[in-house]
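Engineer: My questions all concern the structure below.
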DNA sequence: TACCCGTTGTCAACATTTTTTCAAATTTAT
DNA sequence: ATAAATTTGAAAAAATGTTGACAACGGGTA
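Chains as they are written, first to last, in this note's numbering: chain X, 1 to 207; chain G, 1001 to 1207.
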């Protein structure tokens, strides 16, 4: 069904999903690409073209059924599947991830944190147990979590990722300030790059 | 000096900066676009073309002087300037931002947090005082911080940003799960979009 | 039924980004 | 000193992404 979907289009899907969700909450049942384009500040043509990568969800003369489209994009994004996540590193970032409840609604469940600080091991954050980092591999082979969030210092990240990959992890959500390359999909949340970009834009005052 | 720099190029600068910094730490004094391209997994010609937006830093037959190039990109990114940051919201994300020490080295100083929870106001995180959110506007007009990190729930974000903008903020670093539009540069760190994208990629196993 | 209106899906035009190519500059080797 | 090897910067070509245009469709209305 899905033609070959350009990377850029896939990156825009979560945003469509978000806006459609908002419309849904407001009780809107149908929406045209034009109406959506005005809210999202993109061209209507782009919306239609993007959605068409996955098949014709709209109806001519009518627009798109909000519920159906939201549902469909959720399906494409894999939000109907249930993903179990482990968080490596129970420092500030690890804690922030563990505490964010919004993911659960979308089928993402955080089931364990790992750290090597003895004073943290055995404790809980937001009800989630902190386990000994020495046991990551064994834990993964037994419980088969799909995603690992990497929230350890850069220098430690590479080794952790290697172990995770060998133990069958399917995706890496990387919060460390370094690029990771491995055989499974890696999605990096690069806070420092993002701040530098902001600094650049302030300095070169576009917008 | 800088021709009109495409957005995509600007987004790649922090990454160049990071890799050059690593080379520098390893004592490497010169590097060719080819050598850098192999480390960064991009094409050499992209590197050359990107750098040329800002002027010819290289030398034919030799390559680039690592120190000089690193310095130059830092300059372009505004890392020689000093940015003062306030963090709105002393929850998990606000705390994670406040605790990350790496920014300081690059000239980013976090000088205050704001929250409206009375049990937090008056406290400190990582030595940084937590102030009453009611005083944000007054604080900004007096102290003129350049950047505000938004770490409050989505529904509260829009109003906070409006006040900040009126009080002269120059850039917004947005951690809330919503898009903000205002007259100053906004850089969003979208954790949930990022996770959905990872989910999509795992499901549709590219890489 | 026949016409109008709003809106999609698609295709072509346009714009941007990436890659290829190569002359000119420089270093290294002989 | 000369030739060979490297490497940049720039221009051209190719690939990719975005926007504009419009036929085709379906619902509503007379």
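Yeah, the Cβ is synthetic: ideal placement off N, Cα and C, and Gly gets one too.
Beta-carbon within less than 6 angstroms of residue 1132 of chain G's beta-carbon, same chain only, minus the 5 sequence neighbours each way: which residues are those?
Structural biologist: The answer, listed in chain order, is 1121.
Engineer: Would you call the CB atoms of residue 995 of chain G and residue 1089 of chain G closer than 9 angstroms?
Structural biologist: This structure gives no information on residue 995 of chain G, because the portion of chain G shown stretches from 1001 to 1207.
Engineer: Could you check the C-alpha separation between residue 1072 of chain G and residue 1170 of chain G for me, to the nearest Å?
Structural biologist: Approximately 23 angstroms between the Cα atoms of the pair.
Engineer: Pick from X:69, X:47 and X:49: whose alpha carbon is nearest that of residue 57 of chain X?
Structural biologist: Comparing Cα positions, the closest option is X:69.
Engineer: Would you say residue 51 of chain X reaches chain G, if we count a Cβ-Cβ gap shorter than 9 angstroms as a contact?
Structural biologist: Not an interface residue.
Engineer: If you count every other CB in all the chains shown that lies within 10 Å of the CB of residue 117 of chain X, and 16 or more means buried, which is it?
Structural biologist: Burial call: exposed.
Engineer: Does residue 28 of chain X pass the burial test, meaning 16 or more other C-beta atoms within 10 Å, or should it be called exposed?
Structural biologist: Flag for residue 28 of chain X reads exposed.
Engineer: Could you check whether the Cβ of residue 1023 of chain G sits closer than 9 angstroms to any Cβ belonging to chain X?
Structural biologist: Residue 1023 of chain G does not count as touching chain X.
Engineer: So is residue 1178 of chain G in contact with chain X if we call contact Cβ pairs under 9 angstroms?
Structural biologist: Answer yes: the Cβ-Cβ gap between residue 1178 of chain G and chain X drops below 9 angstroms somewhere.
Engineer: May I have the straight-line CA-CA distance separating residue 1139 of chain G from residue 1154 of chain G, to the nearest angstrom?
Structural biologist: Their Cα atoms are separated by approximately 22 angstroms.
Engineer: Would you kindly work out how many angstroms separate the C-alpha atoms of residue 1046 of chain G and residue 125 of chain X, rounded to a whole number?
Structural biologist: Straight-line Cα distance between these residues: approximately 44 angstroms.
Engineer: Which residue comes first and which comes last in the beta strand (DSSP E) that contains residue 1208 of chain G?
Structural biologist: The structure shown has nothing for residue 1208 of chain G, since chain G only spans 1001 to 1207.
Engineer: Rounding to the nearest angstrom, what Cα-Cα distance links residue 51 of chain X and residue 106 of chain X in this structure?
Structural biologist: Approximately 21 angstroms, taken between the alpha carbons.
Engineer: Give the interface partners of residue 197 of chain X over in chain G, defined as CB-CB distance under 7 angstroms, in chain order.
Structural biologist: What residue 197 of chain X touches in chain G: 1010, 1011, 1014 and 1187.
Engineer: Report the CB separation of residue 87 of chain X from residue 149 of chain X in whole angstroms; it is logged as a contact under 8 angstroms.
Structural biologist: With 8 angstroms as the limit, residue 87 of chain X and residue 149 of chain X qualify as a contact, their Cβ atoms being about 5 angstroms apart.
Engineer: Looking only at C-alpha atoms, which of G:1159, G:1156, G:1151 and G:1162 sits nearest to residue 1173 of chain G?
Structural biologist: Considering only alpha carbons, the answer is G:1151.
Engineer: Taking the alpha-carbon of residue 1186 of chain G as reference, which of X:4, X:195 and X:181 has the nearest alpha-carbon?
Structural biologist: Minimum Cα distance to residue 1186 of chain G is reached at X:195.
Engineer: Mapping the DSSP letters down to three states, classify residue 146 of chain X as helix, strand or coil.
Structural biologist: In this structure, residue 146 of chain X counts as coil in the three-state DSSP scheme.
Engineer: Which residue marks the beginning of the beta strand (DSSP E) containing residue 1108 of chain G, and which one marks its end?
Structural biologist: Run containing residue 1108 of chain G: 1108-1115, per the beta strand (DSSP E) assignment.
Engineer: Taking the CB atoms as reference points, tell me whether residue 197 of chain X and residue 1013 of chain G lie closer together than 9 angstroms.
Structural biologist: Cβ atoms of residue 197 of chain X and residue 1013 of chain G: closer than 9 angstroms.
Engineer: Kindly indicate which three-state DSSP category residue 1131 of chain G falls into: helix, strand or coil?
Structural biologist: Strand at residue 1131 of chain G.
Engineer: Establish whether the CB of residue 1194 of chain G and some CB of chain X are separated by less than 9 angstroms.
Structural biologist: By this cut-off, residue 1194 of chain G is an interface position.
Engineer: Using the beta-carbon of each residue, which ones in chain G are nearer than 7 angstroms to residue 120 of chain X?
Structural biologist: In chain order: nothing, as chain G lies at least about 15 angstroms away.
Engineer: Since residue 161 of chain X is in the alpha helix (DSSP H), which residue starts that stretch and which ends it?
Structural biologist: First-last of the alpha helix (DSSP H) with residue 161 of chain X: 154-166.
Engineer: In this structure, does DSSP put residue 171 of chain X in helix, strand or coil?
Structural biologist: It is a strand residue.
Engineer: Can you list, in chain order, the residues of the region 1105-1120 of chain G whose Cβ is nearer than 9 angstroms to any Cβ on chain X?
Structural biologist: Taking 9 angstroms as the Cβ-Cβ cut-off against chain X, the residues of the region 1105-1120 of chain G that qualify are 1106, 1107 and 1108.
Engineer: Are the CB atoms of residue 1077 of chain G and residue 199 of chain X within a distance shorter than 9 angstroms?
Structural biologist: Cβ distance < 9 angstroms, so residue 199 of chain X and residue 1077 of chain G count as in contact.
Engineer: According to DSSP, is residue 1066 of chain G part of a helix, a strand, or is it coil?
Structural biologist: Three-state DSSP puts residue 1066 of chain G in a helix.
Engineer: Cα separation between residue 1147 of chain G and residue 201 of chain X?
Structural biologist: Straight-line Cα distance between these residues: approximately 12 angstroms.
Engineer: Can you tell me which of X:40, X:31 and X:182 puts its alpha carbon nearest to the alpha carbon of residue 167 of chain X?
Structural biologist: Per the Cα distances, X:182.
Engineer: Can you pull the chain X residues whose beta carbon is under 9 angstroms from the beta carbon of residue 1026 of chain G, in chain order?
Structural biologist: Chain X residues near residue 1026 of chain G: none, gap ~13 angstroms exceeds 9 angstroms.
Engineer: List, in chain order, every chain G residue whose beta-carbon is nearer than 7 angstroms to that of residue 55 of chain X.
Structural biologist: Here the premise fails: no neighbours, minimum Cβ distance about 15 angstroms.
Engineer: Return the residues of the region 57-84 of chain X that lie within a Cβ-Cβ distance of less than 8 angstroms from chain G, sorted by chain order.
Structural biologist: Of all residues in the region 57-84 of chain X, 76, 77, 78, 79, 81 and 83 have a Cβ within less than 8 angstroms of some Cβ in chain G.
Engineer: Sort out for me which residues DSSP pairs residue 187 of chain X with in a bridge.
Structural biologist: X:173.
Engineer: Go ahead and pull the three-state DSSP assignment for residue 31 of chain X.
Structural biologist: The answer is strand: DSSP assigns residue 31 of chain X an E or B state.
Engineer: In whole angstroms, what separates the C-alpha of residue 1006 of chain G from that of residue 1019 of chain G?
Structural biologist: Distance between the alpha carbons of residue 1006 of chain G and residue 1019 of chain G: 21 angstroms.
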